[in-house]
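Visitor: Protein chains in written order, with the numbering used here: chain A, 21 to 129; chain B, 38 to 184.
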């Protein structure tokens with residue numbers, strides 16, 4: 021099960037992903053994020069992964085889509101509080117070259 | 038390598054190519070692998086690799102129809118988890134190309150990173166495919182004994 025929650029303040033939209041993100045869930049999560057971006061038109065978008073327990077390469081597709089959509093409108097996007105497992109997938113994908121990523125406390129050495 | 042592999046335990050699963058089964062497949066393998074006392078990182082890597090292989094079968098082997106996915110997990114040589122994910126789907130015409138990073142025939146919800154992740158998270162990855170017959174992915178990961 022995936023949940024997409026959000027908070028908006030002064031041009032910054034924070035999107036919280038809760039649960040496990042895989043191919044089964046990704047389409048709906050992407051649609052939810054699209055709706056949020058269309059509603060708030062944020063300048064900055066933070067993807068907060070504190071409560072994302074698992075993601076596979078579907079998560080990479082979601083992050084790339086968010087990055088592209090923010091870039092289209094000259095906005096910025098980055099990732100905060102990634103846990104260890106999502107962090108390893110992010111590392112293997114090489115997307116930190118495009119998107120800044122910070123690890124959650126549990127995943128810090 | 039032919040002949041008998043020293044296998045001390047195994048599970049076999051068979052399920053239809055419904056995406057709702059991706060979660061089940063990786064959780065079942067994680068529960069089976071627990072007897073090797075893996076670290077959280079090792080368990081996460083194995084779950085991710087299973088998720089990628091099963092998703093490939095669901096998305097690419099059976100793009101239009103439902104089909105069966107066969108998953109076998111074995112413990113070999115006492116400390117190695119071997120996973121086999123097999124389908125009888127349409128097969129991959131060019132395995133080498135399919136395994137290149139970012140190569141994808143999927144839609145916008147696919148990243149083309151599936152094989153790259155399987156390769157970097159497992160010690161060994163072998164993909165055999167015959168167009169029209171199906172694909173078999175075999176992966177191995179040694180689970181190191183902790184002191």
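Every residue gets a Cβ at the ideal spot worked out from N, C-alpha and C, and that includes glycine.
Note that this is a predicted model, so its numbers are computed, not measured.
Could you list the residues in the segment 103-118 of chain A with a C-beta less than 7 Å from some C-beta on chain B, going in chain order?
Guide: Of all residues in the segment 103-118 of chain A, 104, 105, 108, 109, 112, 113 have a Cβ within less than 7 Å of some Cβ in chain B.
Visitor: Hey, is the segment 111-127 of chain B in contact with the segment 163-173 of chain B, meaning 3+ C-beta pairs nearer than 8 Å?
Guide: The segment 111-127 of chain B vs the segment 163-173 of chain B: in contact.
Visitor: At a CB distance below 7 Å, what residues from the segment 38-70 of chain A approach chain B? Give them in sequence order.
Guide: Listed by position along the chain: 40, 42, 43, 44, 46, 47, 50.
Visitor: Please go through the same chain and pick out, in chain order, the residues whose beta-carbon is closer than 6 Å to the beta-carbon of residue 215 of chain B, but skip the five residues on each side of it.
Guide: The structure shown does not extend to residue 215 of chain B, since chain B spans only 38 to 184, so no value can be given for it.
Visitor: State the Cα-Cα distance for the pair residue 70 of chain B and residue 80 of chain B, rounded to the nearest angstrom.
Guide: Here residue 70 of chain B refers to the residue found at position 33 of the second chain. Here residue 80 of chain B refers to the residue found at position 43 of the second chain. Cα to Cα, the separation comes out at about 8 Å.
Visitor: Run through chain A and tell me which residues come within less than 9 Å of residue 77 of chain B, C-beta to C-beta.
Guide: Here residue 77 of chain B refers to the residue found at position 40 when the second chain is read from its first residue. Residues of chain A passing the Cβ test: 104, 105.
Visitor: Which runs of the alpha helix (DSSP H) at least 4 residues long sit entirely within the segment 122-166 of chain B? Give them in chain order.
Guide: Counting whole runs of 4 or more residues, the segment 122-166 of chain B contains the alpha helix (DSSP H) stretches 132-135, 151-158.
Visitor: Less than 6 Å between C-beta atoms, sequence neighbours within five positions excluded: which residues of the same chain meet that for residue 96 of chain B?
Guide: As a working mapping, residue 96 of chain B is identified with position 59 in the second chain. Taken in chain order, the residues that qualify are 143.
Visitor: Under 7 Å between beta-carbons, which chain A residues line up against residue 151 of chain B? List them in chain order, please.
Guide: As a working mapping, residue 151 of chain B is identified with position 114 in the second chain. Residues of chain A passing the Cβ test: 77.
Visitor: Less than 8 Å between the beta carbons of residue 121 of chain A and residue 102 of chain A, yes or no?
Guide: The count along the first chain starts at 1 and reaches residue 121 of chain A at position 101. The count along the first chain starts at 1 and reaches residue 102 of chain A at position 82. Yes, Cβ-Cβ distance for residue 121 of chain A and residue 102 of chain A is below 8 Å.
Visitor: DSSP three-state call for residue 171 of chain B: helix, strand or coil?
Guide: Within the second chain, numbered from 1, the residue matching residue 171 of chain B stands at position 134. If DSSP states are grouped into helix, strand and coil, residue 171 of chain B belongs with the strands.
Visitor: I'd like to know if residue 99 of chain A contacts chain B, where contact means its C-beta is closer than 8 Å to some C-beta of that chain.
Guide: By 1-based counting over the first chain, the position of residue 99 of chain A is 79. Answer no: the Cβ-Cβ gap between residue 99 of chain A and chain B never drops below 8 Å.
Visitor: Can you name, in chain order, every residue of its own chain whose Cβ lies under 6 Å from the Cβ of residue 67 of chain A, other than the five neighbours on each side?
Guide: Walking along the first chain from the start, residue 67 of chain A turns up at place 47. Excluding sequence neighbours, residue 67 of chain A sits near 35, 99.
Visitor: Rounded to the nearest angstrom, how far is the Cβ of residue 154 of chain B from that of residue 94 of chain B, given a contact under 8 Å?
Guide: If you number the second chain from 1, residue 154 of chain B lands on position 117. If you number the second chain from 1, residue 94 of chain B lands on position 57. The Cβ separation is near 15 Å, so there is no contact.
Visitor: Given residue 72 of chain A, which residues of its chain have a CB within under 8 Å of its CB, disregarding the five upstream and five downstream residues?
Guide: Here residue 72 of chain A is taken as the residue at index 52 of the first chain, counted from 1. Excluding residues within five positions, the ones whose Cβ falls inside 8 Å are 37, 38, 39, 40, 41, 79, 102, 103, 106.
Visitor: Using a Cβ cut-off of 8 Å (strictly closer), state whether residue 27 of chain A contacts chain B.
Guide: Position 7 of the first chain, counting from 1, holds the residue named residue 27 of chain A. Chain B contact via Cβ: absent.
Visitor: Could you give the residue range of the alpha helix (DSSP H) that holds residue 84 of chain B?
Guide: Translated into positions along the second chain, residue 84 of chain B becomes position 47. Start and end: 77-93.
Visitor: Which same chain residues, not among the five before or five after residue 166 of chain B, have their C-beta less than 7 Å away from its C-beta?
Guide: Position 129 of the second chain, counted from the start, is the residue given in the question as residue 166 of chain B. Within the same chain, residue 166 of chain B has close Cβ partners 128, 129, 132, 172.
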